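Colleague: I have a structure I would like to understand better, so I am pasting it below and will then ask my questions one at a time.
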Amino acid sequence: MYEMSKEKREEKLINSLKSLSLFVGTGQCNAHCAHCAGRAHRKYAPTEDGIINRDLIYNTIKSCYGQGARSLSISSSGEPTLSPLAVTTVLQLIHECRKEGIEYSPINLYSNGIRIGKDKKFCDTYLPKWKSYGLTTIYVTIHDVDEEKNAKIYGVESYPNLEVVVSRIHYANLLMRGNLVLSRKTIGTFEQFVSTADYLRKIGVDCISAWPVRGADDKVDSRLSPLESELDKIENWVENNQGDGFIVKLLTEKSRIMYQTGQKLTLFPDGTLSNTWCN
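Quick note on numbering: the sequence shown equals residues 1155 to 1433 in this note's numbering.
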């Protein structure tokens, strides 16, 4: 019987990590989502923008890179664009690590898109700067392409036009991924999913990732998640519609094997490094 050598086992372990996510910034947010998984972590977040645990982040970046991680995402217990100083500082730190041969790519930033769509001065000030420090893509969470319905789910009076959000991200030479939260209240059927994907492609969104709505406990909300029959049809459509470089992904429980096996890790505000986050 073949037995893997100690050296091979160690090599496999070292190269098992794929992705790292960092929680950055305060817990301040400009939305009020009922299914906010970040809310529980806000008590550990800094109370002032610009404050980061530089040593912890640096050591985590270096250690995870040594274990095989090459992609990196910036997330938050609130909305990252409301902590631009912290995001800038972290991106600068990541960029400085290149001098040591530590280079992450792609580097992604999660956002609800609200400030990007409503604050042009912010976009002109920070997006090009973040691009220069290696930011690749902004992941914008979308509950519905209808602005009023999107605003309702976000718990805000109004949500900006998605075409404006896309254009401002592209103006800074960044990519935009649409993160679709699938729910019976918004995008809950196969037909709704396809029409949403077609619209986002039409307005210039570069790629899409979608998943069933999850609760604050980071588990699928069975009450609101689309029916399994609808998810099966969506999954089949996704598998057969990957042409012209426009990538659409459906992340189901089967897709979470990367988290369960420790291939994706998240550094939380309390200093915990865990594979339980859904980014």
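Backbone N, C-alpha and C define an ideal beta-carbon position, used for all residues, glycine too. A quick note: this is a predicted structure, and the numbers were derived from the prediction, not measured.
1) Just to confirm my understanding: we take K1303, look at its own chain, exclude 5 residues before and 5 after, and list those with CB closer than 8 Å. What are they?
2) Going along the chain, which unbroken runs of the alpha helix (DSSP H) with 4 or more residues stay wholly within the region 1260-1331?
3) Assuming contact is defined by CB atoms lying nearer than 7 Å, are S1337 and V1294 in contact in what I supplied?
4) Are the beta-carbon atoms of L1289 and I1270 separated by less than 7 Å?
5) Grab the span of the alpha helix (DSSP H) containing K1387 for me, first residue to last.
6) Taking C-alpha atoms, which residue in T1406, G1358, G1342 lies nearest to R1377?
7) By Cβ distance below 8 Å, which residues in the same chain neighbour S1175 in space, the five residues on each side in sequence not counted?
8) Please go through the same chain and pick out, in chain order, the residues whose beta-carbon is closer than 8 Å to the beta-carbon of G1309, but skip the five residues on each side of it.
9) Quick one: what does DSSP say N1333 is sitting in, helix, strand or coil?
10) Give me the DSSP bridge partner(s) of A1364.
11) I need the boundaries of the alpha helix (DSSP H) containing I1215, first residue and last residue.
12) Quick check: the Cα distance between S1428 and Q1221, rounded to an integer number of angstroms?
13) Is the region 1387-1407 touching the region 1196-1212 in the sense that three or more CB pairs, one from each, lie closer than 8 Å?
14) On the three-state DSSP scale, how would you describe T1350?
15) Please classify I1228: does DSSP put it in a helix, a strand, or coil?
16) Tell me, please, which residues DSSP counts as bridged to L1421.
17) Under a Cβ-count criterion, where at least 16 other Cβ atoms within 10 Å of its own Cβ denotes burial, should D1360 be classed as buried or exposed?
18) Roughly how many whole angstroms lie between the Cα atoms of A1240 and L1354?
19) So for I1357, helix, strand or coil by DSSP?
20) For K1172, I'd like the list of residues in its chain whose CB is within less than 8 Å of its CB, leaving aside the five on either flank, ordered along the chain.
Modeller: Taking the definition as stated:
1) The residue you call residue 1303 lines up with position 149 of the sequence shown. Correct list, in chain order: H1297, T1340.
2) 1268-1272, 1274-1286, 1301-1308, 1316-1325
3) Translated into positions along the sequence shown, residue 1337 becomes position 183. Translated into positions along the sequence shown, residue 1294 becomes position 140. Taking 7 Å as the Cβ cut-off, S1337 and V1294 do not qualify as a contacting pair.
4) Here the question's residue 1289 lines up with position 135 in the sequence shown. Here the question's residue 1270 lines up with position 116 in the sequence shown. Result no, Cβ atoms of L1289 and I1270 do not sit closer than 7 Å.
5) Position 233 of the sequence shown, counting from 1, holds the residue named residue 1387. Per DSSP, K1387 belongs to the alpha helix (DSSP H) from 1382-1393.
6) By 1-based counting over the sequence shown, the position of residue 1377 is 223. It is G1342.
7) In the sequence shown, counting from the first residue as 1, residue 1175 sits at position 21. So the list reads L1226, S1227, I1228, S1229, K1418, L1419, T1420, L1421, W1431, N1433, once near-sequence residues are dropped.
8) The sequence position of residue 1309 within the sequence shown is 155, counting from 1. Excluding residues within five positions, the ones whose Cβ falls inside 8 Å are A1185, H1186, C1187, A1188.
9) By 1-based counting over the sequence shown, the position of residue 1333 is 179. N1333: strand per DSSP, three-state reduction.
10) What you label residue 1364 is simply residue 210 of the sequence shown in a count that begins at 1. Paired residue(s): L1334, L1404.
11) Residue 1215 sits at position 61 when you count from the first residue of the sequence shown. Counting along the chain, the alpha helix (DSSP H) containing I1215 begins and ends at 1208-1220.
12) One-based indexing of the sequence shown puts residue 1428 at position 274. One-based indexing of the sequence shown puts residue 1221 at position 67. One C-alpha to the other measures close to 15 Å.
13) no
14) Numbered from 1 along the sequence shown, position 196 holds the residue referred to as residue 1350. DSSP places T1350 in helix when its eight states are reduced to three.
15) Residue numbering aside, residue 1228 sits at position 74 when the sequence shown is read from its first letter. Strand at I1228.
16) Taking the first residue of the sequence shown as 1, we reach residue 1421 at position 267. Its beta-bridge partners are L1176, L1427.
17) Mapped onto the sequence shown, residue 1360 falls at position 206. With 16 or more other Cβ atoms within 10 Å, it is buried.
18) Taking the first residue of the sequence shown as 1, we reach residue 1240 at position 86. Taking the first residue of the sequence shown as 1, we reach residue 1354 at position 200. Rounded to the nearest angstrom, the two C-alpha atoms are 30 Å apart.
19) Here residue 1357 refers to the residue found at position 203 when the sequence shown is read from its first residue. I1357: coil per DSSP, three-state reduction.
20) Start at 1 with the first residue of the sequence shown, and residue 1172 comes out as number 18. Closer than 8 Å at Cβ, skipping near neighbours: G1222, A1223, R1224, S1225, M1412, Q1417, K1418.
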